[in-house]
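Note that our numbering numbers the sequence shown so that position 52 is 1281, with each residue one more than the last.
Virtual Cβ for every residue (Gly too), placed ideally from N, Cα, C.
Bear in mind the structure is a predicted one, so any value in this text is a computation, not a measurement.
Okay, so here's the structure we're looking at.
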Amino acid sequence: MIVATLPTQQDLQNAVATVDDPEYPGVSIVDLGLFEAARLSPEGDAQIDLIPTFSGCPALAMIADEVQNAVAALPGVKQARVRWLPAPVWTIERVTNQGRQALAQEFTVAVQIGSTTICPRCGEPTTEKSPFGASRCRAIHVCSACAEVVEVLRG
């Protein structure tokens, strides 16, 4: 009799980490702080708990589909299900250092922690130009030193 080896918690999280945010290709949803937990039953049923950046995000269904496919592809997983959690609430502090670096280098996106936002191009403080950006969790700033327009991810 062949006994299938089930994936570990780390295997599940690694599979989720292969899913990028649709707005920031190359930046994992794990690095953006959307991953909360993963569970696997002895029968091979996986449940992945994610936290949305905001409940009205139009990419939630796409992200859930990609996570389900990535986790279901693991040997030993019969099915995968994503659950969007209403709590804890996503905050900007959940973005990992790797996520912050990728956003800054690849997309000129700064992550605002506190009241000061630093320009990802030159390292100087930015000035808010508009509190509104392309989505609810973003704003537009201008760097007072290099004049770079900076998209700011905020919580």
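Buried or exposed for residue i, going by 16 or more other Cβ atoms inside 10 Å?
i, result
"ALA1368", "buried"
"ARG1312", "exposed"
"ALA1293", "buried"
"ALA1374", "exposed"
"ASP1240", "buried"
"GLY1352", "exposed"
"ARG1329", "buried"
"PHE1283", "exposed"
With residue i as the anchor, note down where its beta strand (DSSP E) starts and where it stops.
i, result
"LEU1261", "Note, LEU1261: premise wrong, no beta strand (DSSP E); not H, not E."
"LEU1235", "Note, LEU1235: premise wrong, no beta strand (DSSP E); not H, not E."
"LEU1279", "1274-1279"
"VAL1383", "Note on residue identity: the sequence assigns Arg, not Val, to residue 1383. That residue, ARG1383, is in no beta strand (DSSP E); it is neither H nor E in DSSP."
Hey, how far is the Cα of residue i from the Cα of residue j?
i, j, result
"ILE1280", "SER1257", "14 angstroms"
"VAL1259", "VAL1324", "8 angstroms"
"LEU1303", "LEU1235", "9 angstroms"
"VAL1306", "GLY1262", "24 angstroms"
"GLU1380", "ALA1331", "13 angstroms"
"VAL1300", "CYS1286", "22 angstroms"
"MET1291", "GLN1297", "10 angstroms"
"VAL1248", "CYS1372", "31 angstroms"
"CYS1348", "ASP1274", "44 angstroms"
For the alpha helix (DSSP H) that residue i lies in, which residues bound it at each end?
i, result
"THR1290", "Note that residue 1290 corresponds to Ala in the displayed sequence, not to Thr. Segment 1289-1301, the alpha helix (DSSP H) holding ALA1290."
"VAL1245", "1238-1245"
Counting Cβ pairs closer than 8 angstroms, one from the segment 1334-1354 and one from the segment 1251-1271, do we hit at least three? yes
Complete runs of the alpha helix (DSSP H) confined to the segment 1351-1378 [at least 4 residues]: none
Would you call the segment 1344-1356 in contact with the segment 1263-1270, where contact means no fewer than 3 C-beta pairs closer than 8 angstroms? no
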